[in-house]
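Structure first, commentary second.
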């Protein structure tokens, strides 16, 4: 039986009106989910490691290049999710990774400031699809109350990777002079090459959807497909009354996504934590260094923050899935970050400030999978979910640009933003010459 024939057989079983959950009662769902986890999570975790956005870079501390990145990064997230749905995850996700790996490598070879800005613009285009693509991809495998902990694995992997990437970049910087290239250039070149290699592996390892998953039996595929198709139904609904989620793309579904008030409400919630999230993720070593610590010590002090935040994110996600609630944990995370930031601004003690950053980060990081999952749980239809999650992340990430500009405003004393930007641009311009 060919791959297409197997997919048709799975669809026929899942759509059969005589089929119900009782039909698959002999299958162990926990065992089946573990089987899926072992196939999907490791590769998705590796993809999270490659995200360059959250890793501190010497060159990237220029605000204009950050802004150039965010314009294209936010603009292409919704279109990317639509392409992913119409193409295939195993093709689209590795393809955009190859693209941004090449761009990152070329960033290590730029000769001018204009070249840096151009590279950042194209990096935004290439990287835009990974984050919304992976979180949407997870919803095509897991039901509403299984999904947050899987989303948390992805976010936590990115968080922990951010902790150690600074140390890695610091080590690579000692290659300064090798091949007549500056150390910072080798950071981009080597990590760009690594990203391309991971992407090539992903072409062969990533699985598209349950219907075509060769590591599952036909019956297991049909079971996963069936439970996802009717995931938004009450368990007491009779088989004859079940309404499947829509799978077709139409203008109506696109308009429905843009008009859905709950998507825009979740965008506002997203703004509440993503602004400080980007500020911490991108400038944490600098913030700690300004407390009086050496560069190497500052890099090491970021590790406990990221690791602890990652662990808490997974624990909260597990509890949220078990309790089947989202909003209390989001509210708790927002309050926690507020407490942390109040500690930071109310003292001049480095120890207390560090503790405040620690607490704030733990609150911020657990909010993201909670908020993403909360919205996805309330969007029926795979295409509307793809577009809706893309809107939430793309419009929500605009607040990330605000977080990036925060230390520029502070450096300018709140009134000299233009001069501060010129100073940063001059520094970056000197480095690429």
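Residue numbers (this note's numbering): 60 to 492. Glycine is no exception: its CB is placed at the ideal position from the N, C-alpha and C atoms.
*asked:* Tell me which residues share the same chain as residue 427 and place their Cβ nearer than 6 Å to its Cβ, disregarding the 5 neighbours each side in the sequence.
replied: 214
In whole angstroms, what separates the C-alpha of residue 316 from that of residue 96?
30 Å
Rounded to the nearest angstrom, how far is the Cβ of residue 104 from that of residue 212, given a contact under 8 Å?
6 Å
Report all residues from its chain with a CB closer than 6 Å to the CB of residue 425; omit the five preceding and five following residues, and keep chain order.
-> 371, 372, 375 and 392
Checklist entry - Between residue 136 and the rest of its own chain, which residues show a CB-CB distance below 6 Å, the 5 nearest in sequence each way excluded? => result 187, 191, 449, 452 and 453
contact_flag[the segment 249 to 261, the segment 158 to 166] where n(CB pairs < 8 Å) is 3 or more: yes
- [ ] Could you say which of 422, 423 and 283 lies nearest to residue 1 if we only look at CA atoms?
- [x] With the chain covering only 60 through 492, there is no way to say anything about residue 1.
**Item:** Straight-line gap, residue 184 to residue 443 (C-alpha atoms, nearest Å)
**Value:** 22 Å
Exercise. At what residue ranges does the segment 185 to 215 contain a whole run of the beta strand (DSSP E), taking only runs of 3 or more?
Worked result: none
Practice problem: Below 6 Å CB to CB, which residues in the same chain sit around residue 417 once its five sequence neighbours on both sides are set aside? | Solution: 364
Nearest residue (CA-CA) to residue 257, options 156, 432 and 144: 156
So is residue 455 buried or exposed if we call it buried at 16+ other beta carbons inside 10 Å?
buried
* Going by C-alpha distance, which of 397, 235, 102 and 231 is nearest residue 217? -> 102
Cβ neighbour criterion (16 or more within 10 Å) applied to residue 239
exposed
Closest residue to residue 270 among 280, 132 and 276 (Cα-Cα distance): 280
**Prompt:** Which word fits residue 274, buried or exposed, when buried means at least 16 other C-beta atoms lie within 10 angstroms of its C-beta?
**Reply:** exposed
Count the other C-beta atoms from every protein chain shown that fall within 10 angstroms of the C-beta of residue 132, then say buried if there are 16 or more, exposed otherwise. buried
key: residue 126 versus 223, 447 and 337, residue with shortest Cα-Cα distance   = 337
* Might you give, ordered along the chain, the residues of its own chain that have their beta carbon closer than 8 Å to the beta carbon of residue 139, omitting 5 neighbours on each side? => 151, 155, 187, 188, 191, 192 and 449
Using the rule of at least 16 other Cβ atoms within 10 Å of the residue's Cβ for burial, across every protein chain shown, is residue 295 buried or exposed? Per-residue confidence for residue 295 stands at a pLDDT of 47, beneath the threshold of 50, marking its modelled position as unreliable; the derived number appears in the next sentence. It is exposed - the Cβ of residue 295 has fewer than 16 other Cβ atoms within 10 Å.
Return yes when the Cβ of residue 420 is within less than 7 Å of the Cβ of residue 379, no when it is not. no
Which one of 396, 227 and 123 has the shortest CA to CA distance from residue 460? 123
With distances taken Cα to Cα, identify the nearest neighbour of residue 431 among 196, 234, 219 and 268. 196
- Message: Helix, strand or coil, according to DSSP, for residue 525 in the structure here?
- Response: Outside the modelled stretch of the chain, which goes from 60 to 492, sits residue 525, for which no answer is possible.
Close Cβ partners of residue 396 (< 7 Å) along its chain, the five nearest in sequence each way excluded
332, 335, 419, 422 and 423
Among 359, 440 and 435, the one whose alpha carbon lies nearest that of residue 321: 435
Rounding to the nearest angstrom, what Cα-Cα distance links residue 205 and residue 437 in this structure?
14 Å
Do you know offhand how far residue 237's Cα is from residue 344's?
-> 26 Å
Quick check on residue 314: buried or exposed, where buried means 16 or more other Cβ atoms within 10 Å of its Cβ?
exposed
| query | How is the alpha helix (DSSP H) around residue 455 delimited, first residue to last? | reply | 441 to 455
**Study point:** Cα-Cα separation, residue 361 to residue 404
**Key:** 19 Å
Just to confirm, are residue 264 and residue 160 a CB contact at a threshold of 7 Å? no
Given residue 399 as reference, the closest of 408, 231 and 415 once Cα atoms are compared: 415
- prompt: Which ranges would you report for the alpha helix (DSSP H) in the segment 306 to 349 if only whole runs of at least 4 residues count?
  reply: 310 to 318 and 320 to 348
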